[in-house]
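Student: Chains as they are written, first to last, in my numbering: chain A, 1 to 330; chain B, 1 to 324; chain C, 1 to 285. The C-beta atom is built at its ideal place from N, Cα and C for all residues, glycine as well. Have a look at this one before I ask anything.
Laid out in structure tokens, this is it:
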């Protein structure tokens with residue numbers, strides 16, 4: 001099967017701001033290593049989730065995958081084309097094929113734009129269709145995302161709509177160009193729990209209809225479970241484990257994945273928590289720990305973990321984990 | 001202590017509470033006829049989604065409703081005192097001594113210019129007759145209790161991570177041995193692992209000191225895991241109240257059932273969360289009759305016209321639904 | 001100067017009186033505009049020819065008296081309104097058309113381009129307004145267009161700074177990022193998305209700015225650098241009438257003076273009122 005999108009050894013470093021005096025006193029620069037060597041590929045129809053806590057680099061990776069942020073090093077491929085090599089106008093043309101859905105439905109729509117105009121904007125930008133055809137396509141799309149009757153919603157402003165509805169507008173806007181690849185950054189985290197599944201279901205329905213490939217970003221492993229085919233757990237800029245959904249949730253190998261899963265609350269009074277909470281805090285991305293980045297907090301740490309940096313190894317059936325002593329429990 | 005037992009001494013009695021906010025779109029009936037009792041040493045979880053009124057409930061008890069919102073009706077009795085009759089000054093003193101408060105954003109609750117040790121000392125001295133020396137000792141003890149080493153006594157709030165700041169807030173909340181601690185979404189802005197640690201800390205402190213705790217949250221799973229009792233709120237009212245087993249295993253109210261089904265379970269790989277259909281209620285004009293009826297799979301004729309009364313069932317559960 | 005006016009006013013204006021203030025200002029300004037517009041119907045005299053005895057105090061034929069040349073002061077006040085309004089509106093338009101797009105562009109591009117343009121703008125900005133206007137007017141010469149241009153130059157940095165500042169904060173907003181992700185060109189982002197969102201602030205700045213421009217024009221014409229005599233012009237009449245004050249001929253400067261103040265205050269009140277109305281509005285949400 002064709003690979004739709006690929007991240008190849010992606011890195012994003014941000015220079016740490018220093019005062020003029022500091023710059024005068026020392027030459028060496030410090031960097032926030034937001035993303036530090038991320039590689040993965042996605043075949044058509046796949047839903048890959050990047051999961052992690054703050055500082056993991058998941059959002060930055062997502063934005064690099066749609067060309068919103070330029071990587072410091074590494075490449076991003078869309079249908080084999082290297083985005084990092086493209087000129088500005090070539091990249092703009094390619095944007096038709098890749099889109100992004102943002103986290104905050106209250107912030108991702110222009111408050112002064114009617115939603116009919118917002119959803120037709122992508123068509124206008126790329127010079128597609130005449131005005132009456134645009135309107136027809138927009139109405140069709142609004143219907144598809146469940147905003148019925150579409151004529152009514154066409155002339156509303158975002159402030160007249162609920163968060164869930166606005167997110168559907170954002171989805172409609174992203175989908176109207178029929179992209180191949182969509183990055184969704186925490187699309188439901190700001191929506192009420194009782195409405196999340198309906199938005200996720202919509203996204204899966206559209207995936208089938210429009211032959212989409214999704215890169216899903218979230219900090220919530222419970223949400224990730226319901227939408228993903230495969231999950232990559234990120235920690236301090238790196239992928240520490242990547243596996244199919246079944247494998248990851250039933251046989252997690254990396255100690256960080258295990259602690260992350262154990263920390264998620266379970267709505268069942270009969271389930272025993274079995275928490276494995278690592279000590280300490282998430283380290284800074286400016287000076288991550290030497291060796292394995294998780295080693296200062298790992299309950300199973302060994303001497304070698306502070307010296308050597310583990311690479312992603314195959315644990316069998318495509319399940320990769322970056323750990324010298326992957327766990328076998330559960 | 002058996003978490004299923006509900007201790008009999010009631011320290012907080014809320015009766016028929018109504019708190020409304022006037023807005024440009026109309027009068028938001030944030031809390032609309034809420035009756036709730038909290039017993040000593042109980043760990044109560046108040047669960048609801050946006051617009052349910054859960055935070056407004058917490059703020060009403062603390063009388064921290066910003067004008068032009070106000071408490072229109074009802075009564076709140078706390079340890080025998082009628083809270084709604086107190087003057088602002090009396091309430092302020094009560095808040096410091098008898099209530100502990102933990103809010104969502106610790107950054108705005110902490111003075112950025114005060115070292116955190118000083119914060120605690122100041123609070124202690126303000127509300128009790130401790131000497132500065134005694135306060136300092138107690139402050140160090142408290143910080144230790146919440147897992148902050150004494151070496152960080154003189155640090156400023158901005159030098160702490162979100163989780164650590166929340167620990168400071170917990171220390172501040174319990175430093176005067178309050179009778180009731182109200183925590184409003186204390187972990188929402190924190191990472192998953194930190195959330196678990198903070199909630200663990202709150203639970204263990206509660207067990208150790210027999211604190212009475214009211215945890216307000218939108219996270220049903222977290223509340224089921226840790227609280228003794230739950231009150232589920234929808235559209236400004238409590239629709240169900242029971243123990244964690246009762247709510248978690250056999251929810252009665254269709255909203256609770258829907259909410260539970262919408263909450264995903266990480267341990268069940270095959271299962272998928274569902275959702276509740278229908279429009280989110282407009283709090284300026286909530287639906288007539290039962291507020292949940294437009295979205296309820298069991299809605300009957302009566303649900304559209306009459307508001308269901310609150311019924312107390314045999315096993316001490318409370319439901320607000322025509323089905324019962 | 002109008003900024004000082006409005007700061008004083010904002011201390012006097014209690015919260016929530018936005019509407020009243022806006023209404024008061026609008027009434028004053030509208031009145032002046034009507035007076036200027038309908039001048040020919042409101043007075044029989046030609047403001048640039050002798051209409052009566054020289055230096056005659058206010059009377060029934062000449063409600064505001066006559067000046068040294070026998071011109072009717074009332075007519076000069078009415079027609080003078082036209083002069084000042086035309087100059088001020090023209091200069092404001094020029095300032096806005098030059099300053100706002102420049103500010104948008106500079107704020108959006110950032111980097112060296114932004115820094116260089118900002119340096120230029122800042123240098124103009126710190127220069128005392130009236131002096132700069134005088135210098136420009138002296139260089140360009142008299143006339144409505146030249147005067148408007150001289151005043152415009154003074155205020156271009158004001159609009160530039162406002163547009164740039166707002167653009168800087170707007171461009172970080174998620175919805176701007178979202179539209180950029182759709183593949184929009186920079187110009188689309190700037191004019192279709194950022195500009196409409198900065199319009200509210202723009203209207204406030206505009207009103208306060210016009211008040212300032214009124215005073216600057218009056219200043220210029222006071223020094224005879226605005227329109228050439230005998231075109232009716234309040235500032236010019238002030239200057240012309242000033243030497244006669246010690247001799248008791250008070251009507252020569254009082255009426256033009258009052259009009260200048262009224263127009264400036266009127267615009268200031270509009271600006272203050274709008275400010276009141278747009279900020280608590282956003283706060284209430």
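What are the residues that DSSP puts in a beta bridge with residue 26/B?
Tutor: 23/B
Student: Give me the chain A residues within the contact set of residue 184/C, using Cβ-Cβ distance strictly less than 8 Å, ordered along the chain.
Tutor: 121 and 125
Student: Among residues of its own chain, excluding the 5 on either side of residue 104/A, which ones have a beta-carbon nearer than 8 Å to its beta-carbon?
Tutor: These residues qualify, in order along the chain: 190.
Student: Excluding five sequence neighbours on each side, which residues of the same chain lie with their C-beta closer than 8 Å to the C-beta of residue 153/B?
Tutor: The answer, listed in chain order, is 115, 116, 117, 139, 140 and 143.
Student: Below 8 Å CB to CB, which residues in the same chain sit around residue 152/A once its five sequence neighbours on both sides are set aside?
Tutor: none
Student: So with CB distances below 7 Å, who are the chain A contacts of residue 175/C?
Tutor: Chain-ordered, the chain A residues with CB closer than 7 Å to the CB of residue 175/C read 107, 108, 109 and 110.
Student: State yes or no: is the beta carbon of residue 177/A nearer than 9 Å to at least one beta carbon in chain C?
Tutor: Yes, its Cβ sits closer than 9 Å to a Cβ of chain C.
Student: Rounded to a whole number of angstroms, what is the C-alpha to C-alpha distance between residue 217/A and residue 66/A?
Tutor: 13 Å
Student: Scan the region 164-245 of chain C and note each continuous beta strand (DSSP E) run of 3 residues or more that stays entirely inside, going in chain order.
Tutor: none
Student: Report yes if the C-beta distance between residue 253/C and residue 29/C is below 9 Å; otherwise report no.
Tutor: Remark: C-beta atoms of residue 253/C and residue 29/C do not approach each other more closely than 9 Å.
Student: In the region 254-266 of chain B, which residues sit with their C-beta less than 8 Å from some C-beta in chain A, listed in chain order?
Tutor: For the region 254-266 of chain B, the residues whose beta carbon sits under 8 Å from a beta carbon of chain A are, in order, 258, 259, 260, 262, 263, 264, 265 and 266.
Student: Pull up the distance between the alpha-carbon of residue 222/A and that of residue 219/B, whole angstroms please.
Tutor: 12 Å
Student: Return helix, strand or coil for residue 180/A, following the three-state DSSP convention.
Tutor: coil
Student: Quick check on residue 332/B: buried or exposed, where buried means 16 or more other Cβ atoms within 10 Å of its Cβ?
Tutor: Nothing can be reported for residue 332/B: it is not among the residues displayed for chain B, which extend from 1 to 324.
Student: What in chain A is Cβ-close to residue 171/B, meaning under 8 Å?
Tutor: Those within 8 Å of residue 171/B in chain A number zero; the least Cβ separation is about 17 Å.
Student: Roughly how many angstroms lie between the CA atoms of residue 60/C and residue 45/C, to the nearest whole one?
Tutor: 14 Å
Student: By DSSP, does residue 129/A sit in helix, in strand, or in coil?
Tutor: coil
Student: Within its chain, find whatever has a CB closer than 6 Å to the CB of residue 3/B; leave out the 5 residues flanking it on each side and keep chain order.
Tutor: Low per-residue confidence applies at residue 3/B: pLDDT is 45, beneath 50, and the placement is therefore not dependable, though the value from the model is reported in the following sentence. Closer than 6 Å at Cβ, skipping near neighbours: 228.
Student: With a floor of 3 residues, list each beta strand (DSSP E) that falls wholly inside the region 205-247 of chain B, ordered by position along the chain.
Tutor: 213-217, 229-234 and 237-243
Student: Check this for me: beta carbons of residue 19/B and residue 53/B, under 9 Å apart or not?
Tutor: yes
Student: Residue 307/B by DSSP, collapsed to three states: which one?
Tutor: In this structure, residue 307/B counts as coil in the three-state DSSP scheme.
Student: Hey, out of 36/A, 112/A and 245/A, whose CA is closest to residue 236/A's CA?
Tutor: Checking every option, the nearest Cα to that of residue 236/A belongs to 36/A.
Student: So is residue 318/B in contact with chain A if we call contact Cβ pairs under 9 Å?
Tutor: no
Student: If you reduce the DSSP assignment to three classes, tell me which class residue 165/B lands in.
Tutor: Correct three-state label for residue 165/B: helix.
Student: Using a 10 Å radius around the Cβ and a threshold of 16 neighbouring Cβ atoms, would you call residue 316/A buried or exposed?
Tutor: Exposed is the label assigned to residue 316/A, since fewer than 16 other Cβ atoms lie within 10 Å of its Cβ.
Student: Contact defined as beta carbons within less than 8 Å: I believe residue 64/A pairs with residue 47/A. What is the distance between those atoms, to the nearest angstrom?
Tutor: That belief does not hold up - the Cβ atoms of residue 64/A and residue 47/A are roughly 19 Å apart, past 8 Å.
Student: For residue 241/A, list the residues DSSP reports as bridge partners.
Tutor: 233/A and 321/A
Student: Give a yes or no on whether the C-beta atoms belonging to residue 14/B and residue 61/B are separated by under 9 Å.
Tutor: yes
Student: So does the region 278-286 of chain A actually touch the region 70-84 of chain A, counting three or more Cβ pairs closer than 8 Å?
Tutor: no
Student: Mind checking residue 301/B: buried by the 16 CB within 10 Å criterion, or exposed?
Tutor: exposed
Student: Could you give the first and the last residue of the continuous alpha helix (DSSP H) run that contains residue 149/B?
Tutor: Note, residue 149/B: premise wrong, no alpha helix (DSSP H); not H, not E.
Student: Anything in the region 63-78 of chain A with a Cβ closer than 9 Å to a Cβ of chain C? List those residues in chain order, please.
Tutor: 63, 66, 67 and 68
Student: What in chain C is Cβ-close to residue 95/A, meaning under 8 Å?
Tutor: 181, 182 and 183
Student: Whole angstroms are fine: how far does the CA of residue 77/B sit from the CA of residue 69/B?
Tutor: 20 Å
Student: Bridge partners for residue 41/C per DSSP, in chain order?
Tutor: Note: residue 41/C sits in no beta bridge, so no partner.
Student: Against chain B, which members of the region 276-289 of chain A pass a CB distance test of less than 9 Å?
Tutor: 277, 278, 281 and 282
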